[in-house]
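Read in numbering that gives the first Met the number 0, the sequence shown has 538 at position 539, and its numbers run on one by one without any break. From the three backbone atoms N, C-alpha and C, an ideal C-beta is built for every residue, glycine too.
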Amino acid sequence: MLDRNSIKVVFKSQNKEMKLGLRKDANSSTFKVLFLPYNKELIVDEGENVIRAAMEAGIDIKNTCAGEGICGKCRVIIESGTVNGGISGKLTSQDLKNGYRLACMAFVCSDLVIRIPEDSKFYSSIEHTQEAANLAACNNKVNLNGLKEKGFFHPPVEKVYVELPEPTSTDNIPDAVRLLNYLKIKDNMSFKIDFPVIQKLPDILRNSHFKITATLEQPVNPDGKTRIIDVQPGNTSEKNYALVFDIGTTTIYGELVNLVTGDSLERIVDLNTQINYGEDIISRIIFSEKPGGLEKLNELVVGVINSLIKKLAFKSEIDLNDISSIIIAGNTTMTQLFLKISPKSIRRSPYVPATTFYPSIKAASLGIELSDHVTTLFYPQISSYVGGDIVAGIIGSGIYKTEKLCLYMDIGTNAEIVVGNRDWLACAACSAGPAFEGGGISFGMVAMEGAIEDFSINKNTFEPLSVTIGRVKPKGICGSGLINMVAVLFENGIINSKGKFNRNIETSRLRENDGLWEYVVAWARETQIDKDIVLSESDIDNLIRAKGAIYSGFMTLLEEVGLTVNSIEMITIAGGFGNFIDLEKAMTIGLLPETDHGKVTFIGNGSLKGAKMAALSNTIRRDVVEVTKKMTSFELSETKSYMNNYIASLFLPHTDMNLFPGLTARMGEQKQVST
């Protein structure tokens, strides 16, 4: 086994070299930093920022304010040595005595031993979380039989095995023409050939005795020409795979698809590490405008994609050279950052994206570590805030083909809403913030092992009963747990409609901490993080603002098209988070309209589902174009009624309780019983 101390790894950070595992040079102003419990050690220049040093060592620390010292989540413990700064109002006097500092505000001025506490770890890979496990087992399947029965199973990138006649003195046409003529006769289609294919064609033909496999990219336009993008020796037509990705603001989902059988081989999910530079779209755009910001955000998302590709290939035991295409669905900003296109005009009126349609692009030119011929296809955008992920979701949900009047909602950091059916579609987007994915909440976290996902309370003692993912000790609260928690506290009179705690309740769980009231969900001895897990009024306020943005979003959109909630015949909830929503609890807090539960369906990650459908069917790709033509986008910030609806939604569940008759009756009955 190699001695770790003998290995030199060089990092580049702001044009500085950082050498892992090396002692500092006594003649230079550099210091050794050891990160525990990872046992990762590196040499940094004096004055280096602690969180940047951690990132360069491959350690992700929670930091959702882009290093502004606002979120207070990048807490680290200085076990040895000293740092400049790191002191903040986010840390109590006891925290400071125990060696806690904020990594984003601390700078190296000596040799250091730094411990990353459990609640500051970002868990850069969440592929084994409950979220990923459910993704593999539930609603994210494509009705392959339906595609085949309707004759729609025609992947846009296919492999065709051909046996060409070898040249003779009387048949000495050029190699490329020979291949083109054969394909034209066989498929009765028009073809063109990529230059790299021409470069390698002579050798491959002769080394394989003119028996080769051609990889063909079909045009979306039926009148267009099919491109020959690769040739391989022999018959490899049964080894053809596509990658599909949903690039979200918080997470990136990936799936490996067999283009011959249509089967999903592996699915995986990981954090979008851009989150270190802002939890929401606007924060990312602002960071992208800083020197080197766009390049950094691009580097991060491409890095996650490359990591996921390697894991997908390894788990499915396929050769990377047999991957022929990638389908990507993402919101407008995520797509432009992936393509290293400045998104700054997206956040400024009149809110204009760079483009809504993208041509197919060679994956290698985007920094994707795959063969040069692999083509990348992008779902088109609608507007600055309604992107390809929503178009993919509309395709995946199938609402663009139904006669029923549908409401489609993708609930996440950015909430997108679509209303309509096969005849027309209207859409809008609103910034819900990261609360539903654990962001902006004191003990918020993504849906992974240890996250509180369900919650109930003893009505007499006010003692809680929490259920965690994996049934282990808790270490935080995920989105579904947050919704359930607030709904239960509201129904039991522990918080009022404004999200404020009832100070008259006699329980040790309710307390005031530094002027902020909070409810202790789990005592320190009961947790994995050795500190009390609490829900504060500030957390509740963040949830109310998030749910208010979504509720007011679809109410405004319905008003703009002359409809009401009662007009809706079907509600479709999308997003990985949506799988875990308790419908009744979501209606209790006013996240969803109060309606018959039978009208509501969950499709999981609709964006990934739509991406897979496009990977399997060129007909579906043509449907995508038609869907974009039908969609009318409303900019909520420019719609006068939106702010009125938003303010009305900043209560539990709403200022107009006539919209929630069932909840009103239920709480009235409970009040009568209690008296």
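Does the distance from the C-beta atom of residue 536 to that of residue 516 stay below 8 Å? yes
Starting from residue 425, trace the beta strand (DSSP E) both ways and give me its first and last residue. 424–430
Is the number of C-beta pairs between the stretch 445–454 and the stretch 472–482 that are closer than 8 Å three or more? yes
Within a Cβ cutoff of 7 Å, which residues of the same chain sit near residue 117, ignoring the five residues on either side of it in sequence? 474, 527, 528
Thinking residue 311 and residue 376 are a contact (beta carbons under 8 Å), I'd like their distance in whole angstroms, please. 18 Å between Cβ atoms; not a contact.
Of all the beta strand (DSSP E) runs that stay within the bounds of the stretch 219–245, which reach a length of 3 or more residues? 225–232
Mind pulling the alpha helix (DSSP H) runs of 4 or more residues that sit fully within the stretch 297–365? 331–337
Taking 7 Å as the cut-off, does the CB of residue 197 come closer than this to any heavy atom belonging to the ligand PLP? With respect to small molecules bound, the structure shown includes none, and the ligand PLP cannot be examined in it.
I'd like the list of long-range same chain contacts for residue 641, defined as Cβ closer than 7 Å, with 5 residues on each side in sequence excluded. 551, 555, 635
Could you check if residue 471 is buried or exposed, using at least 16 other CB atoms within 10 Å of its CB as the buried criterion? exposed
Going by beta-carbon coordinates alone, are residue 58 and residue 115 separated by less than 8 Å? yes
Within 8 Å, strictly: CB atoms of residue 156 and residue 323: yes
Coil, strand or helix - residue 257 by DSSP: strand
What residues in its chain sit with their C-beta under 7 Å from that of residue 495, if we drop five residues either side in the sequence? 501
Selection from 398, 436, 414 that minimises the alpha carbon distance to residue 424: 398
Which of helix, strand or coil does DSSP assign to residue 160? strand
Taking C-alpha atoms, which residue in 232, 89, 96, 222 lies nearest to residue 158? 232
Does residue 208 pass the burial test, meaning 16 or more other C-beta atoms within 10 Å, or should it be called exposed? exposed
Flag this pair as yes or no: are the beta carbons of residue 99 and residue 74 separated by less than 8 Å? yes
Spatially closest choice to residue 639 from 542, 559, 288, by CA coordinates: 559
Check whether the stretch 579–592 touches the stretch 366–376, counting contact only when three or more Cβ pairs, one atom from each stretch, lie closer than 8 Å. no
Please confirm whether residue 303 and residue 227 have their CB atoms less than 8 Å apart. no
Span of the alpha helix (DSSP H) holding residue 461? Counting along the chain, residue 461 falls outside any alpha helix (DSSP H), and DSSP gives it neither H nor E.
With H, G and I counted as helix, E and B as strand and the rest as coil, what does DSSP make of residue 377? strand
Let me know the secondary structure DSSP gives residue 530 once reduced to three states. coil
Which residues share a DSSP beta bridge with residue 180? Per DSSP, none; premise fails for residue 180.
What is the DSSP secondary structure of residue 489, reduced to helix, strand or coil? helix
Using C-beta distances below 6 Å, list every residue in its chain close to residue 241, excluding the 5 sequence neighbours before and after it, in chain order. 256, 258, 324, 614
Identify which residue in 421, 262, 91, 488 has its Cα closest to the Cα of residue 666. 488
Check residue 633 in the structure and name its three-state DSSP category. strand
Where residue 661 falls, given that 16 or more other Cβ within 10 Å makes a residue buried: exposed
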